[in-house]
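Visitor:
Protein chains: 2
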Amino acid sequence: MRQFIDFDFVEAVVRAGSIRKAAEDMNITASALNRRINRFERDFGYEIFERLPAGMRLNPAGELLLEHIRRQKSDLARVRSQVADLSGVRRGHVSIACSQALMPAFLPKQISRYRELHPGVTFSVNTRDRLAAEQELASFASDIALVFEPKHMADFEVIAAISQPIHAVMRPDHPLARHDVIRLRDLSGQVLVMPPPQFAVRVLLDEALKQLPYIDVEPVLVSESFDFMSNYVLWEGAVSFQFPIGIADRAGLVTRPVATKDVAPGKLLLGQMRGRTLPVASARFVQQLVHAMHELSGQSRHRVDQT
Amino acid sequence: MRQFIDFDFVEAVVRAGSIRKAAEDMNITASALNRRINRFERDFGYEIFERLPAGMRLNPAGELLLEHIRRQKSDLARVRSQVADLSGVRRGHVSIACSQALMPAFLPKQISRYRELHPGVTFSVNTRDRLAAEQELASFASDIALVFEPKHMADFEVIAAISQPIHAVMRPDHPLARHDVIRLRDLSGQVLVMPPPQFAVRVLLDEALKQLPYIDVEPVLVSESFDFMSNYVLWEGAVSFQFPIGIADRAGLVTRPVATKDVAPGKLLLGQMRGRTLPVASARFVQQLVHAMHELSGQSRHRVDQT
DNA sequence: ACGGGTGGTGCAGAAAATTCACCGCATATC
DNA sequence: GATATGCGGTGAATTTTCTGCACCACCCGT
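Going down the list, the protein sequences come from chains S and H. Heads up: the first sequence begins at 1 in the UniProt record's numbering, then just goes up one per residue. Heads up: the second sequence begins at 1 in the UniProt record's numbering, then just goes up one per residue.
If you want it as structure tokens, here you go:
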């Protein structure tokens, strides 16, 4: 879009930190960029950059403006997507920030199902922790987020939530595999594999273990990758943990729920930027996700009731 | 702002209905305007105008885009006002759509008081009925609305509300002037002056009169102008009606409240476009209005309690 | 058939943006 | 303390973009 070229230049300067670097990024002379920025500030009525010897930094006014620019662009994208929908083209792009557990099965399945209906829609999916996901929503870098136990920030609007009891992952020949439900005390003395302390699975486990200080449970292996942890369990007869939504059916591994009276279930939250109107494609996909989550929630509740 | 020139041109074409007329309005050649519009549509990716033999009309995509343009401009104005506030300039503009009753005393007083603190802030005030006021909010033509008994539409967000018992307006020598409170039955046989049926005062009176069909009350004079009605009462010994907020102290006229058990009081509502973040100047003025309305409500309630 | 309205186009000249060459300045570096 | 490097800013020439003019094809009501 021709009109937002000045906005683009402002953003480039913010990113690069100096006019000369930004000019190089944008394939333009520093001189020309300098003039554009100065003219823009004159038009806008206020300076938006601090001129430091080392380069340019946004001042508070600039921060406000940058926020406006981002909101504005995002809104235009929404309008364009609605217009596309109007002419029956069904195009668009959906960007998602989510936690690891959605990667093995849930999101691939949902996205492929959605693309069967609307092949014109493209996706970007990135793993982000609770905090990073929320920041991406706030900066309009992602449309929707799907994370466990996010710190509830003001800008995070929860669209749907489901409860996910933690499951233990092990080989079929593991002694605990005979249990239908794993109690916390069963873990005493077992070889355990866990994610680092800030991960939702670990937070919930640690919280529960604080109640039973006499039990000896220390992970022998800590990793940020659930994929790696699952693979490791195949080799040493160890026990790993994961939310059921993150468990891909894999030969050689079985999963057993951990009793929810021992360990509180994790909350998976689907969220967006508060007050934002999502583009058509994203809004549709959110609808599908909400539906899928409700189904899942019904199933898991059913399973829990059986135990 | 340099960047929104294309938006301005689009709006001009929408207003004028044809490129040639719009070109004249914008002091530019039709040829140049035509190119701009075509280039814009090419950049945007979709046609936004229908080319008719008679001229140009927005298509649905264009409607969507126009809405975006308006929202966008309004948001930029808000950002600019916030920035101005940041640098301590205290500038800005407040546009108000309100009913007649606010014109004689309330708004002049409030605006002058506000401008004593912030002389840099300018105002525009227009009388609008309930429906038109809400439409102005929705199209961002007005920041705030102050109307009686608006039809509650989805986009109208009520910020504050006060109750206003209807008052009768008459000369001091009128027989009813001896009463402290006017009962509905007292009006029987009097010479009455009323606004047309859609006005809030009239709606409330008609509603009350339906309960007492045996009373003979028909206005001898109907006018849309409360100012005119008040003036007329000075000449013929008639009775007119108005909300107390709309009554300017005027020599030769007295007002008496109509008993609220006979006629329901009117509701004066202060509102804005739902979900919108108002510019700093408007937001401040709204705060002042809310305060003033609360004070007024306290007074009137006090007065009502006395009766 | 006509006159007045519409949007659209080729081309020459006007206007605006970009480039290139510099300047002054503050900060690192030796 | 001299030097080198990076920064933002400016003047003049050049390139790109845009505008204005004349004109076309079209539709409509008379």
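Even for Gly, the Cβ is constructed at its ideal location relative to N, Cα and C.
Three-state secondary structure (DSSP) at Lys267 (chain S)?
Guide: Three-state DSSP puts Lys267 (chain S) in a strand.
Visitor: Is it a yes or a no for the stretch 181–188 of chain S touching the stretch 286–298 of chain S, going by three-plus beta-carbon pairs under 8 Å?
Guide: no
Visitor: Might you give, ordered along the chain, the residues of its own chain that have their beta carbon closer than 8 Å to the beta carbon of Leu234 (chain H), omitting 5 neighbours on each side?
Guide: So the qualifying residues of the chain are Arg171, Gly252, Leu253.
Visitor: Is the Cβ-Cβ distance between Ser188 (chain S) and Val217 (chain S) less than 8 Å?
Guide: yes
Visitor: Apply the 10 Å Cβ neighbour rule to Ser230 (chain H) and answer buried if 16 or more other Cβ atoms are within range, or exposed otherwise.
Guide: buried
Visitor: So, with DSSP's three-state summary, where would you put Phe226 (chain S)?
Guide: helix
Visitor: Out of S:Pro265, S:Ala177, S:Glu207, S:Val169, which has the shortest C-alpha to C-alpha gap to Phe226 (chain S)?
Guide: S:Val169
Visitor: Kindly indicate if chain H contains any beta-carbon less than 8 Å away from that of Met1 (chain S).
Guide: yes
Visitor: CA-CA distance, Ala105 (chain S) and Arg250 (chain S)?
Guide: 11 Å
Visitor: Please classify Phe44 (chain H) as buried or exposed, where buried requires at least 16 other C-beta atoms within 10 Å of its C-beta.
Guide: buried
Visitor: How many Å lie between Thr307 (chain H) and Arg115 (chain H) at the Cα?
Guide: Only weak support exists for where Thr307 (chain H) lies, its pLDDT of 29 falling under 50; the value from the coordinates is given anyway. Their backbone Cα atoms lie some 37 Å apart in a straight line.
Visitor: Taking Pro108 (chain S) as part of the beta strand (DSSP E), name the residues at either end of that continuous run.
Guide: Segment 106–117 is the alpha helix (DSSP H) holding Pro108 (chain S); no beta strand (DSSP E) there.
Visitor: Quick check on the DSSP output: the beta strand (DSSP E) that includes Phe156 (chain S) runs from which residue to which?
Guide: 156–164
Visitor: With burial defined as no fewer than 16 other Cβ atoms inside 10 Å of the residue's Cβ, what is the status of Asp305 (chain H): buried or exposed?
Guide: In this predicted model, Asp305 (chain H) has a pLDDT of only 36, less than 50, meaning its place in the structure is not dependable; the value taken from the coordinates is given anyway. With fewer than 16 Cβ atoms within 10 Å of its Cβ, Asp305 (chain H) is classed as exposed.
Visitor: Do we get a CB-CB distance below 8 Å when we pair Ser282 (chain H) with the residues of chain S?
Guide: no
Visitor: Short of 7 Å in beta carbon distance, which residues of its chain neighbour Arg301 (chain H), apart from the five on each side in sequence? Order them along the chain.
Guide: Residue placement at Arg301 (chain H) cannot be trusted, given a pLDDT of 45 that sits under 50; the coordinates are not used to answer.
Visitor: Against chain H, which members of the stretch 82–101 of chain S pass a CB distance test of less than 8 Å?
Guide: So the close ones are Gln82, Val83, Ala84, Leu86, Ser87.
Visitor: Just checking: is the beta-carbon of Leu33 (chain H) within a distance shorter than 8 Å of some beta-carbon in chain S?
Guide: no
Visitor: What is the residue span of the alpha helix (DSSP H) that Phe40 (chain S) lies within?
Guide: 30–44
Visitor: Quick one: is Ser124 (chain S) buried, meaning 16 or more other Cβ sit within 10 Å of its Cβ, or exposed?
Guide: The residue is exposed, with fewer than 16 neighbouring Cβ atoms inside 10 Å.
Visitor: For the alpha helix (DSSP H) that Arg274 (chain S) lies in, which residues bound it at each end?
Guide: Note, Arg274 (chain S): premise wrong, no alpha helix (DSSP H); not H, not E.
Visitor: Who are Ser58 (chain S)'s beta bridge partners in DSSP?
Guide: In the sequence as presented, Ser is not what sits at residue 58 (chain S); that position holds Leu. Leu58 (chain S) is bridged to S:Phe49.
Visitor: Whose C-alpha, out of H:Leu278, H:Val286, H:Val201, H:Gln288, is nearest the C-alpha of Gln72 (chain H)?
Guide: H:Leu278
Visitor: Look at Glu50 (chain H) and Asn59 (chain H) and say whether their C-beta atoms are less than 8 Å apart.
Guide: yes
Visitor: Counting only C-beta atoms, is Ala61 (chain H) closer than 8 Å to chain S at any point?
Guide: yes
Visitor: Determine contact between the stretch 136–146 of chain S and the stretch 267–274 of chain S, defined as no fewer than three beta-carbon pairs at a distance below 8 Å.
Guide: Per the Cβ contact rule, the stretch 136–146 of chain S is in contact with the stretch 267–274 of chain S (3 or more Cβ pairs under 8 Å).
Visitor: Taking 8 Å as the CB-CB cut-off, is Val254 (chain S) touching chain H?
Guide: no
Visitor: Could you tell me which chain S residues have their CB closer than 8 Å to the CB of Leu278 (chain H), listed as they occur along the chain?
Guide: Residues of chain S passing the Cβ test: none, with the nearest at roughly 14 Å.
Visitor: Pull up the distance between the alpha-carbon of Ala132 (chain H) and that of Ser99 (chain H), whole angstroms please.
Guide: 10 Å
Visitor: Kindly indicate which residue of S:Pro213, S:His93, S:Ile159, S:Ala161 has the alpha-carbon position closest to the one of Pro74 (chain S).
Guide: The sequence as given places Ser at residue 74 (chain S); Pro does not occur at that position. If we check each option's Cα against that of Ser74 (chain S), S:His93 comes out closest.
Visitor: Have a look at Gly62 (chain S) and Ser223 (chain H) and give me their C-alpha separation to the nearest angstrom.
Guide: 52 Å
Visitor: Is there a Cβ of chain S sitting closer than 8 Å to that of Leu212 (chain H), yes or no?
Guide: no
Visitor: Can you say whether Arg36 (chain S) is buried or exposed, counting buried as having 16 or more other CB atoms within 10 angstroms of its CB?
Guide: Burial call: buried.
Visitor: Going by beta carbon distance, what residues of the same chain come within less than 6 Å of Arg20 (chain H), once the five residues before and after it are set aside?
Guide: Ala30
Visitor: Rounded to a whole number of angstroms, what is the C-alpha to C-alpha distance between Phe40 (chain S) and Asp6 (chain S)?
Guide: Taking the straight line from one Cα to the other gives about 7 Å.
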